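In our numbering, the protein residues as written are 512 to 640.
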């Protein structure tokens with residue numbers, strides 16, 4: 512009987528493990544202030560290759576465009592870009608590039624003091640499903 516239960520547990524485990532998805536490489540982070548500007552950053556990619564999106568979630572209605580800067584470990588990456596209004600938010604997307612791993616990536620919109628940051632992670636060579 513004990514052997515039959517062990518076999519059943521092993522079969523159940525074998526069915527569960529292949530259906531588990533690999534760990535996600537995509538992350539996002541937002542400023543956590545209850546009032547004022549809310550800024551978010553989204554990293555999409557894996558290991559050192561990522562695209563970055565900066566979003567000002569609640570800009571005033573009169574703001575239709577604003578410069579946004581990208582920082583990698585405190586150093587500005589390239590020049591300021593123009594984030595444009597899409598619906599109720601302002602956003603800009605930097606296409607995939609080598610951000611490095613274990614790098615603090617931040618976005619800052621001109622004219623407001625809030626900065627959203629996230630850190631790139633090394634997740635290994637996991638196959639995508």
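Built from N, CA and C at the ideal position, the CB exists for glycine as well. Since the structure is predicted, the reported quantities are computational estimates derived from the model, not experimental observations.
Taking the beta carbon of residue 587 as the centre, do at least 16 other beta carbons fall within 10 Å, making it buried, or is it exposed?
Residue 587 comes out exposed.
Determine, using beta carbons only, whether residue 619 and residue 579 come nearer to each other than 8 angstroms.
Yes, they are a contact pair.
Buried versus exposed call for residue 613 [16 or more other C-beta atoms within 10 Å across all chains shown]:
Classification of residue 613: exposed, given that the 10 Å Cβ count is below 16.
So for residue 535, helix, strand or coil by DSSP?
Summary for residue 535: the model assigns pLDDT 42, below 50, so the residue's position carries little reliability, and this model does not support an answer.
How about residue 550 and residue 596: do their beta carbons lie closer than 8 angstroms?
The answer is no: Cβ separation not under 8 angstroms.
According to the Cβ coordinates, are residue 607 and residue 565 closer than 8 angstroms?
Result no, Cβ atoms of residue 607 and residue 565 do not sit closer than 8 angstroms.
Please report how far the alpha carbon of residue 576 lies from the alpha carbon of residue 633, in whole angstroms.
In a straight line, the C-alpha of residue 576 is about 34 angstroms away from that of residue 633.
By Cβ distance, which residues of its chain are closer than 6 angstroms to residue 603, with the 5 residues on each side in sequence left out?
So the list reads 565, 579, 592 and 594, once near-sequence residues are dropped.
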